[in-house]
Structures are given as structure tokens and as C-alpha cells.
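Participant: So the protein sequences, as listed, match chains A and B. Using this note's numbering, the first residue of the first sequence is number 984, and each one after it goes up by one. Using this note's numbering, the first residue of the second sequence is number 984, and each one after it goes up by one. Structure in C-alpha cells, see below.
Number of protein chains: 2
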Amino acid sequence: MFDALRRYLERSITLSDEEFDILKTAFMPRHYPKGSFLQRAGDIARYGGFVAKGCMRSYTVDDKGKEHIVQFAPENWWISDLNNSLIGEPTGYFIDAIEDSDLLVCDLPSFEKALTALPTFAEHYRLGMQKHMVAKNRRISAFLSATAEERYLDFLKTYPSIARRVPQHMLASYLGITPETLSRVRKQLSRK
Amino acid sequence: MFDALRRYLERSITLSDEEFDILKTAFMPRHYPKGSFLQRAGDIARYGGFVAKGCMRSYTVDDKGKEHIVQFAPENWWISDLNNSLIGEPTGYFIDAIEDSDLLVCDLPSFEKALTALPTFAEHYRLGMQKHMVAKNRRISAFLSATAEERYLDFLKTYPSIARRVPQHMLASYLGITPETLSRVRKQLSRK
DNA sequence: CGCATTTCTTGATCTATGTCAATGCCCGGC
DNA sequence: GCCGGGCATTGACATAGATCAAGAAATGCG
Chain A
984 MFDALRRYLE RSITLSDEEF DILKTAFMPR HYPKGSFLQR AGDIARYGGF VAKGCMRSYT
1044 VDDKGKEHIV QFAPENWWIS DLNNSLIGEP TGYFIDAIED SDLLVCDLPS FEKALTALPT
1104 FAEHYRLGMQ KHMVAKNRRI SAFLSATAEE RYLDFLKTYP SIARRVPQHM LASYLGITPE
1164 TLSRVRKQLS RK
Chain B
984 MFDALRRYLE RSITLSDEEF DILKTAFMPR HYPKGSFLQR AGDIARYGGF VAKGCMRSYT
1044 VDDKGKEHIV QFAPENWWIS DLNNSLIGEP TGYFIDAIED SDLLVCDLPS FEKALTALPT
1104 FAEHYRLGMQ KHMVAKNRRI SAFLSATAEE RYLDFLKTYP SIARRVPQHM LASYLGITPE
1164 TLSRVRKQLS RK
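Listed below in C-alpha cells is the structure:
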């Protein structure tokens, strides 16, 4: 499982064996069977994680019991709830496995220690964060100006592999529309 | 103007005079009269900036010529377009001054040099980025699950001072609704 | 296999918000 | 002090997408 992390990191930075050993101490391998939770709303969020295998999602549940998916995290993505890893207050987000998944999890203090000990890792983290920010801004822009259909097409183009592997109603939830609407959008598109 | 930056930074980190001098070399003071642009869609984005005085905004313009505000940046906020400072491709975002504003602007290479030279600054940047990410996630959640009225109330609570100083139609644009709808929402609320 | 559960589709109707158009207001510039 | 153009409000109407309800397909599991 650590191999996956190392391969992922070495796509952008180089780490000696010794450095990677330091990094390893921060993480714990954990298996999450489909449907199991990494955290629930109301918890004090403790762990973030790197997805080595499978697929996770984070989401909120509104007062009507409806789920709203904030993020998908398949292999080689990070999933965490900075929200309150930072603040230490109970979180509003659920994180669970939508497939059987293997994660390397890590609490915030250990993660920060790793950042301090490994400057190249910190640099990688900063760049990743910036890219992530760009993606969030894109998504916000889409909500501001695009229709359901446009958002769907954009998702297909940007994350084709995620679109293939998650159930449609989850995709709908991520896009901010109902499953019914997504179904109709798809029908509409298939005509063209 | 540099005083403003220093006061802002010293709310969370400590910098010696020498360190602050290093930081200073990365930035150039610039005045932006109301309505003037820091960047336009189609430009190669070069500069990000720290707002010492006034208020900036970044936004996109859709094919119907409608503006969609992605961010407001009053005093002590940063405004930049990582989007393509990173990639070097023409940006899709406009950034302009909605009040007469004073900025400290900085290109990406200088900024990175400062991050490397000043670890405490890098640390501050990382924390700020994380907080910013939390805010973006909140905004996305709001689009997924909240009505126009709820988003408006949330904005009032979260950024009361911005709500007071920007024109309503810009606030509407930020919230992803029309000025007409915002006007009606406000009327509705004033009845209660 | 075969049944049960989840997922997807389809239709009918409803609603929040958008669009278009008109009016009045306020503020900044001459 | 007045004039003009942006800004907010209001009304009538249009529409994207939601909701509710029912089947039809898939999918998984004993």
C-alpha cells in the first residue's frame, strides 16, 4: 500500500529511502469495506487519508435527509476534512467508502511533522493544494454560470474515469441536481 | 502600504526587520483606481496581490455577457489567479477594482522565492490556503443544498462587512442569483 | 439460478428563480 | 442645483429543474 503512495509521489518529487521511511511513520494502512465510514458528521475529524485503492466520497446531509456529495476520491487522491482538523470542532461532513478501499490514514499533527521534516513533500503539498484550489474555483464558476447539462458534460470531460465508476445518482448529487434530472439530461444528449 | 502587509502578517507570525526586507523585495506597490483592471480574460496572468486598501473582485463573463463574481477581496485579502499563474495559459478571469485600491503585487517566481527564503511565511501561506479551502467547500455545499435566501443569509453572517460595502447586484452575482431575485429575497426577509 | 434491493427511467405536475420591461431613485459630475 | 446614468424595485410571465409516483432494469447475493 505504501508502494502506491511512493509511486504517486515520485511522479512529481524524488524521495530517498530514508526520507520515505520518515513519511511512512506518519501513516497507518487501513481497509474500508464498501459502505464503511472514515468519519461521520458530529465526529471530531481526526484522520485524513491517501486513497491507495478503491474510491471514497465526502458529503453532507441536509435537514430533509438528502445527501450532497462534495468530493470523490479514487486512487491517488487525498481525502480529508481540513474544515475541522484545523478547528477541532465537530465536523458536518461524512466520509465513506463507495467501493472496498485501502487508505493510508494520518492525523494532522503527524502530517505537519512530515511537512516540516520533508521540504520536498511540503512543496508537493503546496502545489497540489494550489491545483486543488483551481479545481474548486472551476466548480464554483460552473454553479454560477452553467446549466445542469453543461456541468454534466464538463464533469465527463474532466473526470471521465470517475464518471464511469460511480453510480449516477451520486454523480447527480455531486452536480447539484436530482437523479431524475440527470437521467433526462442523458437521454436528451443521447438523441444528438 | 508595506505597513499594512506587515501588520497583517504579524497577526499570525513574527518577522524580523531583515526577514521583512526580503519579503518586501518580492512586492511592488500599485494603485488601482475604481474600475481599473489587474488582469483581463485572455491575458497571461502574471501578478497576484495583497490588498492593502480598497476592494477588488475576480469574475468571469459568460457568452451572454453576464458577469459571475468568483471572489471579493477587501483589505488584508489576497487576490490572484493561480489558475494560470501555474499553467501559463491565458486566463478566463477578470480582476478589477470595485473601489480605489492599493495593492502589493507580486509575480509567481518572486513569490516562490519568498516562500523558500522565509519558512514562517511559507507556513502562514499553507495555513491560509487551508482555511481558504474550507471556505470554498462551504460555498460549494451551499450551492448543493441551500436556497437563494439561505445563501444570502449565510453570506451576511459570514462576511457582514463585505455585504455592506459592495453593490447589491454584485452580491447577487456572487450568490449565483439575479439582482431581481436578491431584491425579492430581501423584501421577503424585511417583512419578518 | 431466482428473488430482493438498488438503480435508472419516464410521466405529470409544481415551484423557485430567471427574463423582460417599466418605474423610480439616488448619487456624482458639471 | 440639476441632469443623466447606473442601481434597486416591482410586476407579469417563462422555464429549468424539483418533486411525487410508478415501473423497468440492473445488480448482487443466498
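Glycine residues also receive a C-beta, built at the ideal position from the N, C-alpha and C atoms. Being a predicted model, the structure only gives us computed values, none of them experimental.
Exposed or buried, what is residue 1134/B when buried is set at 16 or more other beta-carbons lying within 10 Å of its beta-carbon?
Facilitator: It is buried - the Cβ of residue 1134/B has at least 16 other Cβ atoms within 10 Å.
Participant: Could you give the DSSP three-state label for residue 1168/B: helix, strand or coil?
Facilitator: Residue 1168/B falls in the helix class under three-state DSSP.
Participant: Examine the Cβ distances between the segment 1135–1146 of chain A and the segment 1111–1120 of chain B and report whether three or more of them are shorter than 8 angstroms.
Facilitator: No, the segment 1135–1146 of chain A does not touch the segment 1111–1120 of chain B.
Participant: Suppose you measure from the CA of residue 1076/B to the CA of residue 1008/A; what does that come to, to the nearest Å?
Facilitator: Taking the straight line from one Cα to the other gives about 42 angstroms.
Participant: Please state whether DSSP places residue 1031/A in a helix, a strand or coil.
Facilitator: Residue 1031/A: strand per DSSP, three-state reduction.
Participant: Under a Cβ-count criterion, where at least 16 other Cβ atoms within 10 Å of its own Cβ denotes burial, should residue 1051/A be classed as buried or exposed?
Facilitator: Flag for residue 1051/A reads buried.
Participant: Along the segment 1150–1166 of chain B, where does the CB come closer than 7 angstroms to a CB of chain A? Name the residues.
Facilitator: Answer in chain order: 1159.
Participant: Any residues in the segment 1120–1146 of chain A with a beta carbon nearer than 7 angstroms to a beta carbon of chain B? Which ones, in chain order?
Facilitator: From the segment 1120–1146 of chain A, only 1120, 1122, 1123, 1124, 1126, 1127, 1128 have a Cβ closer than 7 angstroms to chain B.
Participant: Tell me the rounded alpha-carbon separation between residue 1168/B and residue 1043/B.
Facilitator: Straight-line Cα distance between these residues: approximately 24 angstroms.
Participant: Given that residue 1116/B touches chain A, what residues does it touch there, using C-beta distances under 8 angstroms?
Facilitator: What residue 1116/B touches in chain A: 1065, 1112, 1115, 1116, 1119.
Participant: With H, G and I counted as helix, E and B as strand and the rest as coil, what does DSSP make of residue 1073/B?
Facilitator: It is a strand residue.
Participant: Within this structure, are the beta carbons of residue 1138/B and residue 1159/A separated by less than 8 angstroms?
Facilitator: In this structure, residue 1159/A does not lie closer than 8 angstroms to residue 1138/B by Cβ.
Participant: Let's see if you can read the secondary structure: which residues bound the alpha helix (DSSP H) around residue 1000/A?
Facilitator: Its alpha helix (DSSP H) spans residues 1000–1009.
Participant: Taking a contact to mean a Cβ-Cβ separation below 8 angstroms, would you say residue 1149/B touches residue 1078/B in this structure?
Facilitator: No. Outside cutoff.
Participant: Can you give me the Cβ contacts of residue 997/B inside the same chain, cut-off strictly under 8 angstroms, excluding the 5 residues immediately before and after it?
Facilitator: Correct list, in chain order: 1103.
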